[in-house]
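Presented below is the structure to which this report refers.
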């Protein structure tokens, strides 16, 4: 895939699918981004199954949404930009009360977002979810998307399995890092097998969770290397932070506690106003605040990476090329 420039609009949830369907407002949002000149805009967040949504108003990928999504991609393409769909499963970040479905996670725990207990996912469910990612990618392909992004960050389901703090399992999905990375690798393989080379596949990967006992750079770099060796991904988008425990670690800057509380129903609203500073912490903002960590991944994924040679990449290795131009 060739983009008209290096600017990619990242996946940030738009909140414009009030009935879990594509709306004119959602299309207009991405058309404005495309008209502004980006190389590619990313639709977020497209759940791979109903229980994988953060709430029941969120889009999930099934044949019934293809016509609406096709209107979106055609409108974006008409403005000269490419279109990407972010695919994922919210796992412990899912609001079980809103979805009216149990939230699944590596193990049982109280979700600080829904205040409900999550349920430990079975191996059979995890295999189903890997297949659901593949089916969602096929829906994206039929809808005219040029790429899909697999959500492996922010303690959503895959990220929760990567986290030693959240994943205390003793089966082949827990314990060693290789076991904790099994779900990520299985999903990437399933999606690549489904779509082949008909569209680009990227993944949003946590460099670190920003919480005690969570995933840190040394383990995340190993996961990135395994994904590279598997040759299933074209690029990584590197991120950080936990939607469960430390969301401002991703953004940095002043924490919008009152604005965040205003979006929640009572009693969560009052709780966030009273104790929100413990959850929405304040970090000093500075430009390119993830850059130093991203450079460590670039060196580990391709030790010979040289920004002066970005226009002349090596001819072999699917992710080696893309990882060097991703920060």
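In our numbering, the protein residues as written are 51 to 377. Every residue, glycine too, gets a C-beta built ideally from N, C-alpha and C.
So if DSSP puts residue i in a beta bridge, which residue, or which two residues, is it bridged to?
| i | result |
| --- | --- |
| residue 199 | 136 and 252 |
| residue 160 | 167 |
| residue 258 | 290 |
| residue 333 | 303 |
| residue 296 | 292 |
| residue 204 | 292 |
| residue 235 | DSSP lists no partner for residue 235. |
| residue 129 | DSSP lists no partner for residue 129. |
| residue 154 | 169 |
| residue 58 | 90 |
What does the Cβ neighbour count give for residue i, buried or exposed, with the cut at 16 atoms within 10 Å?
| i | result |
| --- | --- |
| residue 160 | exposed |
| residue 223 | buried |
| residue 52 | exposed |
| residue 403 | Here the chain has residues from 51 to 377 only, and residue 403 is not among them. |
| residue 279 | exposed |
| residue 75 | exposed |
| residue 141 | buried |
| residue 13 | The structure shown does not extend to residue 13, since the chain is modelled only from 51 to 377, so the question has no answer here. |
| residue 226 | exposed |
| residue 282 | buried |
| residue 260 | buried |
| residue 264 | buried |
With a Cβ-Cβ cutoff of 7 Å, do residue i and residue j count as a contact?
| i | j | result |
| --- | --- | --- |
| residue 305 | residue 299 | no |
| residue 241 | residue 183 | yes |
| residue 228 | residue 211 | no |
| residue 217 | residue 293 | no |
| residue 118 | residue 71 | yes |
| residue 62 | residue 94 | yes |
Spatial neighbours of residue i within its chain, please: CB distance less than 6 Å, with the 5 preceding and 5 following residues excluded, ordered by chain position.
| i | result |
| --- | --- |
| residue 219 | 156 |
| residue 127 | none |
| residue 354 | A caution first: residue 354 carries a pLDDT of 49, below 50, which makes its placement in the model unreliable, though a value can still be read off. For residue 354, where only same-chain residues beyond five positions count, there are no Cβ hits under 6 Å. |
| residue 207 | 139 and 141 |
In the DSSP assignment, the beta strand (DSSP E) including residue i goes from what residue to what residue?
| i | result |
| --- | --- |
| residue 91 | 90-97 |
Looking at the unbroken alpha helix (DSSP H) that takes in residue i, where does it start and where does it end?
| i | result |
| --- | --- |
| residue 74 | 74-85 |
| residue 183 | 173-192 |
| residue 338 | Run containing residue 338: none; DSSP gives neither H nor E here. |
| residue 275 | 267-280 |
Between which residues of its own chain and residue i is the CB-CB distance below 7 Å, once the five residues before and five after are set aside?
| i | result |
| --- | --- |
| residue 144 | 101, 102, 103, 104 and 153 |
| residue 384 | No statement about residue 384 is possible, as the shown extent of the chain runs from 51 to 377 and does not include it. |
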